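Residue numbers (my numbering), protein chains in the order written: chain A, 50 to 204; chain B, 864 to 1286.
Glycine residues also receive a C-beta, built at the ideal position from the N, C-alpha and C atoms.
Since the structure is predicted, the reported quantities are computational estimates derived from the model, not experimental observations.
Down below is the structure, laid out as structure tokens.
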Amino acid sequence: MKRILSRTYGWVVPAILFLTACSTEPKPVPYGNANCTHCNMTITDVRYGAELVNDKGKPSFFDAVECLAAYVNSNPEEAQKASFLMVTDFSNPTELLKVNDAHFVRSAALPSPMGMNLLAVSTEEAAKKIQQEQGAELLTWEQVLAIVKNDEKLH
Amino acid sequence: MRNSINYLVTVASVLLPLVLAQTAAGATLTVCKTCALTSVKQAVQQAKPGDTVLVNGGVYQESRIEVNKPLTLIGKNNPVIDGNFTGQLIAVTADDVTIQGLTLKNVATSYTRDDAAIRVFQRSNIKLLDNTILKTYFGIYLQNSDNIVIRGNNIIGENKGRTESSLGNAIHLYYTDNVEITDNNVQGHRDGIYLEVVKNSQVRNNVSHQNMRYGMHFMFSDGNTYTHNTFRNNGAGVAVMYTNNVRMEYNTFEENWGAASYGLLLKDISNSVIHHNTFRRNTTAIHMESSSQLDIKSNDFERNGWAIKLMTTCIEDTFRLNNFTGNSFDVSTNGSIQENHFEHNYWDKYTGYDLDKDQQGDVPYRPVSLYSMLVERVPPSVMFMRSFMVDLLDSIEKVLPSFIPDQLIDEQPLMRRIDHQAV
Chain A
50 MKRILSRTYG
60 WVVPAILFLT
70 ACSTEPKPVP
80 YGNANCTHCN
90 MTITDVRYGA
100 ELVNDKGKPS
110 FFDAVECLAA
120 YVNSNPEEAQ
130 KASFLMVTDF
140 SNPTELLKVN
150 DAHFVRSAAL
160 PSPMGMNLLA
170 VSTEEAAKKI
180 QQEQGAELLT
190 WEQVLAIVKN
200 DEKLH
Chain B
864 MRNSINYLVT
874 VASVLLPLVL
884 AQTAAGATLT
894 VCKTCALTSV
904 KQAVQQAKPG
914 DTVLVNGGVY
924 QESRIEVNKP
934 LTLIGKNNPV
944 IDGNFTGQLI
954 AVTADDVTIQ
964 GLTLKNVATS
974 YTRDDAAIRV
984 FQRSNIKLLD
994 NTILKTYFGI
1004 YLQNSDNIVI
1014 RGNNIIGENK
1024 GRTESSLGNA
1034 IHLYYTDNVE
1044 ITDNNVQGHR
1054 DGIYLEVVKN
1064 SQVRNNVSHQ
1074 NMRYGMHFMF
1084 SDGNTYTHNT
1094 FRNNGAGVAV
1104 MYTNNVRMEY
1114 NTFEENWGAA
1124 SYGLLLKDIS
1134 NSVIHHNTFR
1144 RNTTAIHMES
1154 SSQLDIKSND
1164 FERNGWAIKL
1174 MTTCIEDTFR
1184 LNNFTGNSFD
1194 VSTNGSIQEN
1204 HFEHNYWDKY
1214 TGYDLDKDQQ
1224 GDVPYRPVSL
1234 YSMLVERVPP
1244 SVMFMRSFMV
1254 DLLDSIEKVL
1264 PSFIPDQLID
1274 EQPLMRRIDH
1284 QAV
């Protein structure tokens, strides 16, 4: 009976492996072990990592929101086709957020890895909380792209 | 007799202002275990602007000391301020402060606050001298300040079994100008020296080693000079990015090994000078990207995996009088290179001749081998290194160049290694 089972369902395990291997899912940012695709720095700060997963499921990692935005600005076709554009939730660094679901915050009090003072959180309340505590500007992903394109730094 | 009177007058005229200056500088408050003042915090609170607080030997379990007036805080007989992981140790919130000769230790990692042993915010004329800083998140952290001296400090982090993310930088400067960083030893942190938007500063004679990420990291920081530093065995070497007008001279970049590691990463650098440096045993000695008008002269590249990785985004860079010895690859590139200039370098792989005995090879040298281009495009092909096929490939390409960029050529390679010491 056992043998029959393993014969009948023996293909399941390889099939699952095969399917998962091909699925396009955002992967956790490998902090300390990957270089930013845009600026080439080692990605270390867990509050700021970002990721682009292309149409074939290959992830590219970034050390900051501004690096992902700069990459998207200079590679618009690739960004258009990408399966996922993800940023880290600043308040909960193990979570990745889709850029269109994220709320972006720009605060002079919170320096980000590449000098643009940008970060992302999951809810509007979280963004407003930072705004009240530190003083900040709330932004959408489109606004972030524009700011990075024009290299508008605070200070 | 006349002479000795003259001598006395001279001595007096030198000493008198010194004595006066001493009194003008204010009183000295001594802190020790048996003194009236037994805590540094207490002494700093009681001191008046311009006073000196002398901390005598012993261990002081304190944190959150706020220096809010011009003071000189000096340690004598190795006093230790132990924060016991209860927060930042010293915050400087006044101008004209000197902190010297203290041992500061134990500051916890925090993901919300960048806690440091010494933190300075929006101040000027600060001197941090000869301190020892152990097991802290950030060591010295300055923000929006100017006229700073950081000299002779020994900053040692604890990085065993820890990741980059849980470590801060040993010396961290953010929007700070006119800084002198000299004779420091920094190790065991995320970045040894981190400069972001720091202008007109000097980084000299420091040793930065065993840091998890960069020995030094330098962003948006124009007009700085760094000389006579040693960057050894750091996670990824030294990164210099988005900056103009940098001078890098007499530095040693060594033992930076790893898949994504290099001696020096140059990204978006222009109008800068890289002279008299030694690059020894790095995976890639210099990785250059989007960098222009760099003068790379009189450097030694010894036993690196790649001496130079020159990306096609680089233009108008000049390589002169450098020694390339024992590198697996001298120069590699990812496409056709324009307007970069190589002349009068010594390449140990050069097999040309010098019939007219002018010390210059009579045939040009092409530092990019066909195989290096292949490796750049298909990284796993590196396993065929030193095989017969690869040698054959390179030899054929040397005789009949067709794939390697024809612009990338040293027309007059030198026959002998240049002795930079003698020059």
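Whose Cβ in chain B lies nearer than 7 Å to the Cβ of residue i?
i, result
"A/MET90", "ALA1102"
"A/ARG96", "TYR974"
"A/ASN84", "ALA1123"
What is the rounded straight-line gap between the Cα of residue i and the Cα of residue j?
i, j, result
"B/PRO1276", "B/VAL1060", "39 Å"
"A/LYS178", "A/ARG155", "13 Å"
"B/SER1155", "B/LEU1129", "10 Å"
"B/ARG1053", "B/GLY1024", "13 Å"
"B/ASN1107", "B/SER1133", "5 Å"
"A/MET163", "A/CYS116", "7 Å"
"B/GLU1043", "B/ASN1068", "11 Å"
"B/VAL1301", "B/HIS1150", "Residue 1301 of chain B lies beyond the stretch modelled for chain B, which goes from 864 to 1286, so this question has no answer here."
"A/GLN180", "A/LEU187", "8 Å"
"B/GLU1027", "B/MET1075", "6 Å"
"B/GLY1002", "B/PHE1083", "22 Å"
"B/ASP1254", "A/PRO125", "42 Å"
"A/ASN141", "A/ASN149", "17 Å"
"A/ASN89", "A/THR137", "18 Å"
"B/ALA971", "B/PHE1094", "26 Å"
"B/HIS1035", "B/ILE937", "22 Å"
"B/SER1124", "B/PRO1242", "15 Å"
"B/MET1278", "B/LYS1062", "41 Å"
"B/ARG986", "B/ASN969", "25 Å"
"B/CYS1177", "B/TYR1038", "28 Å"
"B/PRO912", "B/GLY889", "8 Å"
"B/ASP1193", "B/THR1175", "16 Å"
"B/VAL1012", "B/VAL1231", "44 Å"
Which residue marks the beginning of the beta strand (DSSP E) containing residue i, and which one marks its end?
i, result
"B/ARG1067", "1065–1067"
"A/VAL78", "Per DSSP, A/VAL78 belongs to no beta strand (DSSP E) and is neither H nor E."
"B/GLN905", "Taken as a continuous stretch (DSSP letters only), B/GLN905 belongs to no beta strand (DSSP E), being part of the alpha helix (DSSP H) at 903–909."
"B/ASP1225", "Segment: none, B/ASP1225 is in no beta strand (DSSP E) and carries neither H nor E."
"B/TYR1105", "1100–1107"
"A/LEU145", "145–147"
"B/GLU1059", "1056–1062"
Using the beta-carbon count (16 or more within 10 Å), is residue i buried or exposed?
i, result
"A/TYR80", "buried"
"B/TYR1089", "buried"
"B/LYS1160", "buried"
"B/SER1064", "buried"
"B/PHE1182", "buried"
"B/ASN1016", "buried"
"B/ILE1267", "buried"
"B/LEU1173", "buried"
"B/ARG1280", "exposed"
"A/ILE196", "buried"
"B/GLY920", "exposed"
"A/CYS85", "buried"
"B/LEU1263", "exposed"
"A/ALA118", "buried"
"A/VAL121", "buried"
Which residue marks the beginning of the alpha helix (DSSP H) containing residue i, and which one marks its end?
i, result
"B/ALA1170", "Unbroken run through B/ALA1170 is the beta strand (DSSP E), 1169–1173; no alpha helix (DSSP H)."
"A/SER140", "Looking at the DSSP string, A/SER140 is not in any alpha helix (DSSP H), and its letter there is neither H nor E."
"A/TYR120", "114–123"
"A/VAL193", "190–198"
"B/PHE948", "Here B/PHE948 belongs to no alpha helix (DSSP H), and DSSP marks it neither H nor E."
"B/ARG1240", "1233–1240"
"B/ALA899", "Note, B/ALA899: premise wrong, no alpha helix (DSSP H); not H, not E."
Starting from residue i, find everything on chain A with Cβ-Cβ shorter than 7 Å and list it in chain order.
i, result
"B/THR966", "Within chain A, no residue comes near B/THR966; the closest Cβ sits about 28 Å away, beyond 7 Å."
"B/LYS1130", "CYS88, ASN89"
"B/GLY1098", "THR91"
"B/ARG1053", "THR93"
Just the chain B side, please: which residues come within less than 9 Å of residue i by C-beta, in chain order?
i, result
"A/GLY164", "GLU1059, VAL1060, MET1082, PHE1083, TYR1105"
"A/PRO77", "Those do not exist, as A/PRO77 stays about 12 Å from chain B at its closest Cβ, beyond 9 Å."
So which residues of chain A does residue i contact, with C-beta pairs closer than 8 Å?
i, result
"B/SER1028", "TYR80, GLY81, THR93, ASP94, VAL95"
"B/TYR1037", "PRO160"
List, in order along the chain, the chain B residues whose C-beta lies closer than 8 Å to that of residue i?
i, result
"A/ASN124", "By Cβ distance, chain B contributes nothing, its closest Cβ being about 15 Å from A/ASN124, past 8 Å."
In chain A, which residues lie with their C-beta within 9 Å of the C-beta of residue i?
i, result
"B/ARG1076", "GLY81, MET90, THR91, THR93"
Given 8 Å, three or more beta-carbon pairs between the stretch 1117–1127 of chain B and the stretch 105–123 of chain A: The stretch 1117–1127 of chain B, when compared against the stretch 105–123 of chain A, does not touch it at the 8 Å Cβ threshold.
Flag this pair as touching only if the stretch 989–1003 of chain B and the stretch 138–154 of chain A have three or more C-beta atom pairs under 8 Å; answer yes or no. Output reads no: the stretch 138–154 of chain A does not touch the stretch 989–1003 of chain B.
Given 8 Å, three or more beta-carbon pairs between the stretch 1233–1250 of chain B and the stretch 1207–1221 of chain B: Between the stretch 1233–1250 of chain B and the stretch 1207–1221 of chain B there are fewer than three C-beta pairs closer than 8 Å, too few to call the two in contact.
Touching by the beta-carbon criterion (3+ pairs, under 8 Å), the stretch 977–984 of chain B and the stretch 950–960 of chain B: Taking a contact to require three or more Cβ pairs closer than 8 Å, the stretch 977–984 of chain B and the stretch 950–960 of chain B qualify as touching.
Below 8 Å, can you find three or more Cβ-Cβ pairs linking the stretch 1132–1147 of chain B to the stretch 88–101 of chain A? Counting Cβ pairs under 8 Å, fewer than three are found: no touch.
Three or more C-beta pairs below 8 Å linking the stretch 952–969 of chain B and the stretch 927–939 of chain B: Taking a cut-off of 8 Å for Cβ pairs, the stretch 952–969 of chain B and the stretch 927–939 of chain B touch, as three or more such pairs fall below it.
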